[in-house]
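Novice:
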Amino acid sequence: MPVPQAKLDALAARIAGLDLARGGWAGAARAEALARLGAMGLPAKRDEYWRYTDPAALIAPQAPHAATFAAADEPPVFDGIERLRIVFVDGVFDPALSDDLRLAGVEIELLSRAGQTDIHWAREVYGVLEARGQAPVQRPLAALNTAFADEGVLIRATGRAARPVALIYLHRSETSDAILHHCIKVEAGAELTVLESGPAAARFNKVMEVDVAAGGRFHHIRAQGRDHGRRAATHLFARLGAESLLKSFTLTANGVLTRNEVVIELLGDDGVAHIAGAAVGDGAFHHDDTVFITHAGLRCESRQVFKKVLMNGAVGVFQGKILVKPGAQKTDGYQISQSLLLDGDSQFLAKPELEIHADDVKCSHGSTSGAIDEVALFYLRARGVPEAAAKSLLVMAFLAETITEIGDEAIAADIRLRLQNWLERHGR
Amino acid sequence: MLEIQNLHVRLEAEDKPILKGVDLNVAAGTVHAIMGPNGSGKSTLSYVLAGRDGYEVTDGTATLDGADLLAMEPEERAAAGLFLAFQYPVEIPGVGNMTFLRTAVNAQRKARGQEEMSAGEFLKVVRDRAGKLRIDADMLKRAVNVGFSGGEKKRNEILQMAMLEPKMCILDETDSGLDVDAMRLVSDGVNALRDAGRAFLVITHYQRLLDHIRPDVVHIMADGRIVKSGGPDLALEVERNGYADILAEAL
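So the protein lines, in turn, are chains A and B. All residue numbers in the first sequence are consecutive under the numbering used here, ending with 558. All residue numbers in the second sequence are consecutive under the numbering used here, ending with 1341.
#1: Residues of chain B with a CB under 8 Å from the CB of V505 of chain A: which are they?
#2: Reducing DSSP to helix, strand and coil, say where R369 of chain A ends up.
#3: Does D1143 of chain B have its Cβ less than 8 Å from a Cβ in chain A?
#4: In angstroms with no decimal places, state the Cα-to-Cα distance between G319 of chain A and V402 of chain A.
#5: Are there 16 or more other CB atoms within 10 angstroms of the CB of K1244 of chain B, so buried, or fewer, so exposed?
#6: In chain order, what are the residue ranges of uninterrupted alpha helix (DSSP H) at least 4 long that sit wholly in the region 228–270 of chain A?
#7: Near D412 of chain A, what residues of its chain come up, given a Cβ to Cβ distance below 7 Å and the 5 sequence neighbours on each side ignored?
#8: Using a Cβ-Cβ cut-off of 6 Å (strictly less than) and excluding sequence neighbours within five positions of A291 of chain A, which residues of its own chain qualify?
#9: Helix, strand or coil, according to DSSP, for Q459 of chain A in the structure here?
#10: Would you check if the distance between the CB atom of L1275 of chain B and the CB atom of R1224 of chain B is smaller than 8 Å?
#11: Over what stretch of residues does the alpha helix (DSSP H) that includes F1176 of chain B continue unbroken?
#12: Which of helix, strand or coil does DSSP assign to L470 of chain A?
#13: Taking the continuous beta strand (DSSP E) assigned at M1258 of chain B, which residues delimit it?
#14: Determine the direct distance from the alpha carbon of A1312 of chain B to that of L1326 of chain B, and round the result to whole angstroms.
#15: Short of 7 Å Cβ to Cβ, which residues in the region 1183–1214 of chain B face chain A?
#16: Quick check on P1305 of chain B - is its C-beta less than 8 Å from some C-beta in chain A?
#17: What does the alpha-carbon distance come out to for the pair R356 of chain A and G407 of chain A?
#18: Measuring alpha carbon to alpha carbon, tell me which residue in A:Q550, A:K137, A:R160 is nearest M170 of chain A.
#19: Tell me whether G526 of chain A is buried or exposed, calling it buried when 16 or more other Cβ atoms sit within 10 Å of its Cβ.
#20: With which residues is S1136 of chain B paired in a DSSP beta bridge?
#21: Hey, does Q1297 of chain B have any beta-carbon neighbour from chain A nearer than 8 Å?
#22: What span of residues does the alpha helix (DSSP H) with D1149 of chain B cover, start to end?
#23: L1154 of chain B CB to nearest chain A CB: under 8 Å?
#24: Under 8 Å: do the region 328–345 of chain A and the region 250–267 of chain A share three or more Cβ pairs, one atom per stretch?
#25: For A1157 of chain B, which residues in chain A fall below 8 Å Cβ to Cβ?
#26: Would you kindly report the start and end of the unbroken alpha helix (DSSP H) that includes Q1250 of chain B?
#27: Under the three-state reduction of DSSP, which class applies to N1196 of chain B: helix, strand or coil?
#28: Would D435 of chain A count as contacting chain B if we go by Cβ distances under 8 Å?
#29: Around the C-beta of P456 of chain A, are 16 or more other C-beta atoms found within 10 angstroms, so that it is buried, or is it exposed?
#30: List the residues of chain B whose Cβ lies closer than 9 Å to the Cβ of R333 of chain A, in chain order.
#31: Here's a check: name, in chain order, each residue in its chain whose Cβ is nearer than 6 Å to the Cβ of I423 of chain A, leaving out the five neighbours to either side.
#32: So with CB distances below 8 Å, who are the chain A contacts of A1103 of chain B?
#33: Indicate whether E1342 of chain B and A1175 of chain B have their beta-carbon atoms separated by less than 8 Å.
#34: Tell me, please, which residues DSSP counts as bridged to E395 of chain A.
#35: Give every residue of the same chain whose Cβ lies closer than 6 Å to the Cβ of T102 of chain A, excluding the five residues on either side of it in the sequence, and list them in chain order.
#36: Have a look at V133 of chain A and Q468 of chain A and give me their C-alpha separation to the nearest angstrom.
See below:
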């Protein structure tokens, strides 16, 4: 089918001001991504995969204006966690704010510096997992990222990383438009935790490709930044080997528009992938989780746990799919998406999908929307807990199943505190 | 301590009068029991006193040590010393029992201008009181009432009462769903809290609970009013003959 002219026009307008970084080992991958992109065009509102989220602000030639925001009322997230910090300001690496990139058990290089050196493992990841994730659903913003990203980190874990690697995204310019592309390789039996935090820019396009070899373990926890006006389109592409594990948790509080896509392939046998998200929005907040998990190996387990707390016209979207390929017997797939609507103005749109081509599998999915449980609220108040605190307790209870997916208790406690503070600020 | 005068209450959703002039006076240090047939308004009385939504007071007053209960939010009534042990304790998935207890205890202390209990002190007190009710560490760790048996839920209500140390305790059919042993545990828990500064209002269908928690006064409630009051013997009379004779006499 030919690509509609409008999509091609949108693409031409979007990339007119961007430079394709040529040469080096990634040059071919970028050129291929550009070709992929040309065959797709940019997403449009009428696309099936963009039914609930208008991509206009994400594809516009210029990033819409977004005020910066300095939270004076609480220290930055993960501040108390011992970690290696890699800081980007409006998408530009800041060496002065970053730690030395040496860490036992891990090799770290910047994408911008890696261009001329041949980092052979990155060749097998950069743009490769993104390209695999383009079927059966097109993800043009990810292809655009692969083609034009000139910064990001390449992280290879060869053992057990001594500390988490923290990617910190600061937002200082009200018109910044950042593109970052990270590649992560967790070698056989290695273990790595990556933290991400901050708004990054007025508009942020980020791709993270994660290749987990047999027996590798990858933990990912991110908090997307409290700036109200920021917009973000992020993609996590992951490929999992035998007996490997990937756990990813995302906290989203505020942000006028967020689209988080996660594409996981369980290729080896006995792999485990858990994807969780807690989103809280008040007013101008549109949050979209779009997840695609493919089971190709035997006895793999996947969990998708997404919860959203919405008020004053906030909108939550969930599109989640589990695809069980022929032969992926003993698959254990679980998917739940729920929203807690704190008033009558907010909206939750969910599209859960299962596609199963094997006969001995266990897959379940559920999606609900509800209000605060008035009976439980009265019970708490009857025990002396003031209404606002009681509501906050019930909201935290609603979100608890997502936070349980964070393995590290100190990190989980930090996330819990952020949520409690947010609820307090927003009168719940 | 608890004074109720001419209390009239309507169920908002159905525009239906439930309480039609309740008069009740419970003095400090005493135990009053309310018995009565189904639908007589016993549970409504307990919910209205605790401040549940959905009821409209159309006439009358209810005070606790002279303070107007009906003007207070539910949490203010609790801080003022009122406690309702629920007929159907509520399950709250995701909220740990211990967190719940500690939040409640400290919220009430804060409302009364007292210092919060330290984590260590709280743990010590809760373990001691839970132990007496045979509530083990696992039940304290689990989410509030989730997966608890009927008996465990009722024991958990009494644990909350023991931790909050209210002055006016209302027990709404705390005996329903309890076996003989659980009834003894619950009763022992209640009796341990009896003292000169505290009063109890025990709502029950059966005289059996009153063998364990000896009341000073027994009231019979029917059609939204207290139709007869007497000593402990009144409960025995109900057990023997049912409500028919008493109601015929009262009406």
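We treat Cβ as the ideally placed atom computed from N, Cα and C, and that holds for glycine.
Specialist: Taking the geometry as given:
#1: The sequence position of residue 505 of chain A within the first sequence is 375, counting from 1. Around V505 of chain A, the beta-carbon contacts reaching into chain B at under 8 Å are V1180.
#2: Here residue 369 of chain A refers to the residue found at position 239 when the first sequence is read from its first residue. In the three-state scheme derived from DSSP, where H, G and I count as helix and E and B as strand, R369 of chain A is classed as strand.
#3: In the second sequence, residue 1143 of chain B corresponds to position 53, counting from 1. So, interface residue.
#4: Walking along the first sequence from the start, residue 319 of chain A turns up at place 189. Walking along the first sequence from the start, residue 402 of chain A turns up at place 272. Using only the alpha carbons, I get a separation of about 14 Å.
#5: Within the second sequence, residue 1244 of chain B is the residue found at index 154, counting from 1. Within a 10 Å sphere around the beta-carbon of K1244 of chain B sit 16 or more other beta-carbons, which makes this residue buried.
#6: 241–244, 250–253, 258–262
#7: Taking the first sequence and counting its residues from 1, one reaches residue 412 of chain A at position 282. Once the five neighbours on either side are set aside, the close Cβ partners of D412 of chain A are M441, N442, A444, H556.
#8: Working through the first sequence from its first residue, we reach residue 291 of chain A at position 161. Hits under 6 Å: G235, V236, L322.
#9: If you number the first sequence from 1, residue 459 of chain A lands on position 329. Q459 of chain A falls in the coil class under three-state DSSP.
#10: In the second sequence, residue 1275 of chain B corresponds to position 185, counting from 1. In the second sequence, residue 1224 of chain B corresponds to position 134, counting from 1. Against a cut-off of 8 Å, the Cβ pair of R1224 of chain B and L1275 of chain B comes out as a contact.
#11: Reading the second sequence from its first residue, position 86 is the one you call residue 1176 of chain B. Per DSSP, F1176 of chain B belongs to no alpha helix (DSSP H) and is neither H nor E.
#12: As a working note, residue 470 of chain A is residue 340 in the first sequence. Strand.
#13: Locating residue 1258 of chain B in the second sequence gives position 168, where the first residue counts as 1. Run containing M1258 of chain B: 1258–1262, per the beta strand (DSSP E) assignment.
#14: By one-based count along the second sequence, residue 1326 of chain B stands at place 236. By one-based count along the second sequence, residue 1312 of chain B stands at place 222. The straight-line gap from Cα to Cα measures roughly 17 Å.
#15: P1183, G1184, V1185, T1193, A1194, A1197, Q1198, A1201
#16: As a working mapping, residue 1305 of chain B is identified with position 215 in the second sequence. Taking Cβ atoms only, chain A never reaches closer than 8 Å to P1305 of chain B, which makes this a no.
#17: If you number the first sequence from 1, residue 356 of chain A lands on position 226. If you number the first sequence from 1, residue 407 of chain A lands on position 277. The alpha-carbon atoms of R356 of chain A and G407 of chain A are separated by roughly 16 Å.
#18: As a working note, residue 170 of chain A is residue 40 in the first sequence. If we check each option's Cα against that of M170 of chain A, A:K137 comes out closest.
#19: Residue mapping note: residue 526 of chain A aligns to position 396 of the first sequence, counting from 1. The displayed chain sequence assigns Met, not Gly, to residue 526 of chain A. Buried is the call here.
#20: Within the second sequence, residue 1136 of chain B is the residue found at index 46, counting from 1. DSSP output for S1136 of chain B lists no bridge partner at all.
#21: Here the question's residue 1297 of chain B lines up with position 207 in the second sequence. Cβ-Cβ to chain A under 8 Å: no for Q1297 of chain B.
#22: Along the second sequence, one-based indexing puts residue 1149 of chain B at 59. Where D1149 of chain B is concerned, there is no enclosing alpha helix (DSSP H), although the beta strand (DSSP E) it sits in stretches over 1145–1154.
#23: Here residue 1154 of chain B refers to the residue found at position 64 of the second sequence. Cβ-Cβ to chain A under 8 Å: no for L1154 of chain B.
#24: When C-beta atoms of the region 328–345 of chain A are compared with those of the region 250–267 of chain A, three or more pairs fall below 8 Å, so the two segments count as touching.
#25: Position 67 of the second sequence holds residue 1157 of chain B. Going along chain A, no residue has its Cβ under 8 Å from A1157 of chain B, so there is no contact; the nearest lies around 15 Å.
#26: Within the second sequence, numbered from 1, the residue matching residue 1250 of chain B stands at position 160. It spans 1240–1254 - the alpha helix (DSSP H) in which Q1250 of chain B sits, taken as one unbroken run.
#27: Along the second sequence, read from residue 1 onward, the residue named residue 1196 of chain B stands at position 106. In the structure shown, N1196 of chain B sits in a helix (DSSP, three-state: H, G or I).
#28: Residue 435 of chain A sits at position 305 when you count from the first residue of the first sequence. Per the sequence shown, residue 435 of chain A should be read as Val rather than Asp. Not an interface residue.
#29: Position 326 of the first sequence, counting from 1, holds the residue named residue 456 of chain A. With fewer than 16 other Cβ atoms within 10 Å, it is exposed.
#30: Translated into positions along the first sequence, residue 333 of chain A becomes position 203. Near R333 of chain A there are no residues of chain B at all, since even the closest Cβ is about 35 Å away, more than 9 Å.
#31: As a position in the first sequence, residue 423 of chain A is number 293, starting the count at 1. For I423 of chain A, where only same-chain residues beyond five positions count, the Cβ hits under 6 Å are I394, S432, I452.
#32: Taking the second sequence and counting its residues from 1, the one referred to as residue 1103 of chain B is at position 13. Within 8 Å Cβ-Cβ: nothing; A1103 of chain B doesn't reach chain A, min ~13 Å.
#33: Outside the modelled stretch of chain B, which goes from 1091 to 1341, sits residue 1342 of chain B, for which no answer is possible.
#34: The count along the first sequence starts at 1 and reaches residue 395 of chain A at position 265. Paired residue(s): A:R369, A:T424.
#35: In the structure as shown, chain A starts at 131 and stops at 558, and residue 102 of chain A therefore has no counterpart that could be examined.
#36: As a first step, residue 133 of chain A must be located in the first sequence, where it is residue number 3. As a first step, residue 468 of chain A must be located in the first sequence, where it is residue number 338. Whole-angstrom Cα-Cα distance: 35 Å.
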